Ligand code: NOJ
């Protein structure tokens, strides 16, 4: 298999508005990120993924861009961005930008022109129809919005304020490619491409049989033509890394995006776990891992992540954030860093930050949640019940400010934070983690170091030895005669794992574990709650 830097990398995602506020306005900013770069570097990560910081009315926290060539005031300015890039590079790291090209803000001058009249030259830059079909958008009951001025509907896959660009229009594509070159010529190291599976729309927009199953928004014919063109005209001319956000995709379809012979993207995020598996489902999770491994291995590259700015913090959603928070956070880290694919760390994950429950809808900010809340309450449902039903998966679970210390607002800002800080910041914060040699933080550091020292962790083949076990996940990675065994007891109780015959005779050397000692007798491993072990087998 071809070895590349981005397969070996560990990526750290910075949701800058919640990372560190340098000027007291309550929002994190690029200057704040610069001030914390040493912290990120010390963890050992290689690449920073920066959420969108372009000019934006900020209806969807930067995913509604109104000027691709400017930095939004909350984040800073272009001078600060350039300095950030330079400082990242000085520390031997790389920076990838989040880029949204499926849609813009409704305040983007292109859309303002487009909606101004039916014969405006930019009319066709967006998607206009006389009649809507029955599709829903991600964030609203209809994917179409009526525009009185010209008496037509425009199409939006997300919020009303995020009209979809018309990728069939060649001028649009050329304009986007030009803009991508602008950023790449600055020296950035790649893109995380937002909602990239949505670029192509189906001929004629036929009604869906079940409008609630919004798969129809993604992976429509033509999407690969666009990506191949983007590759040909832009991506292939730079030594960069690209990761596409590809919802509702099978490994077979996924390979079309990332196949090494396809000239599209390097890697993808599929969402069979984060979007489609609401709570921990071990057998299903194992099947997903196996299918994706078999579908991609040797042909294209995967990503590993269990949370990000759209998905509730992993220790809350898939682990135990109460009795076993530290053990559980470490187990999940082990999982993400030892399964095949490039691992992602979402800011705060490395100190075991948890999700949040606010008392009222007013305390929430997430447009997806707030729109859904309004829709359900309008149907006559009890507001309290609706709030409770939306809390676990609200995107604000992972967007609360980074917890730096136990001072007011967790040391995130001297002002009023744009989103409330999680009240548990007094116990869970960076300062505490750095002072405790057994913290989640130092465990991440060790995991990352292991990846740097051992190619097997990146390029090793994968085999599951526990397919039907609902608690223990045991698998090997193997490369050039080096074999590792990973054993995880993903549950609140003790469990016993009997090594299969094939592995039983090997000598085991513990490389990393999340308990201070190891209990085993012969070929029987006694695993405590949320215990994780990485062994080298000889
Ligand atoms: C995916 C992004 O991660 C999410 O935050 C955003 O709301 C949508 N795409 C729309 O851009």
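Numbering (the UniProt record's numbering), first residue to last: 1 to 538. The C-beta atom is built at its ideal place from N, Cα and C for all residues, glycine as well. Values in this document were obtained by computation on a predicted structure and should not be read as measured data.
Counting the other CB atoms within 10 Å of its CB gives residue 38 a total below 16, which places it among the exposed residues.
At least 7 Å separates the beta-carbon of residue 169 from that of residue 98.
Residues 1 of the same chain have their beta carbon placed closer than 6 Å to that of residue 298, with the five preceding and five following residues left out of the count. Here the alpha carbon of residue 458 sits roughly 27 Å from the alpha carbon of residue 398. Taking 6 Å as the cut-off, the C-beta of residue 442 does not count as close to any heavy atom of the ligand NOJ. When 428, 364 and 452 are compared, the shortest CA-CA separation from residue 351 is found for 428. Using a C-beta cut-off of 8 Å, the stretch 256–264 makes contact with the stretch 298–309, since at least three inter-stretch Cβ pairs fall below that distance. The secondary-structure analysis by DSSP pairs residue 192 across a beta bridge with 98 and 243. A residue is called buried when at least 16 other Cβ atoms come within 10 angstroms of its Cβ; residue 122 meets this threshold and is buried.
The beta carbon of residue 198 is closer than 6 Å to those of 102, 157, 217 and 218 in its chain, skipping five residues each way along the sequence. Between the ligand NOJ and residue 194, a heavy atom-to-CB distance of less than 6 Å is present.
Nearest Cα to residue 128 within the set 134, 165 and 135: 165. At least one heavy atom of the ligand NOJ falls within 6 Å of the beta-carbon of residue 158. At least one heavy atom of the ligand NOJ lies closer than 6 Å to the C-beta of residue 60. Taking the C-beta atoms as reference points, residue 303 is found nearer than 7 Å to residue 269. Non-local beta-carbon contacts of residue 523 in its own chain, meaning distances under 7 Å to residues more than five positions away in sequence, involve 498, 499 and 504 in chain order. Relative to the ligand NOJ, the nearest heavy atom lies less than 6 Å away from the CB of residue 310. Residue 140: not part of any alpha helix (DSSP H); DSSP gives it neither H nor E.
Residue 152: member of the beta strand (DSSP E) spanning 152–155, first to last residue. Rounded to whole angstroms, the separation of the alpha carbons of residue 53 and residue 27 is 12 Å. Taking residue 346 as the centre and dropping the five residues before and after it, the same chain places the C-beta of 13, 307 and 308 closer than 6 Å to its C-beta, in chain order. By the Cβ-count criterion, residue 78 is exposed, with fewer than 16 other Cβ atoms from all chains shown falling within 10 Å of its own Cβ.
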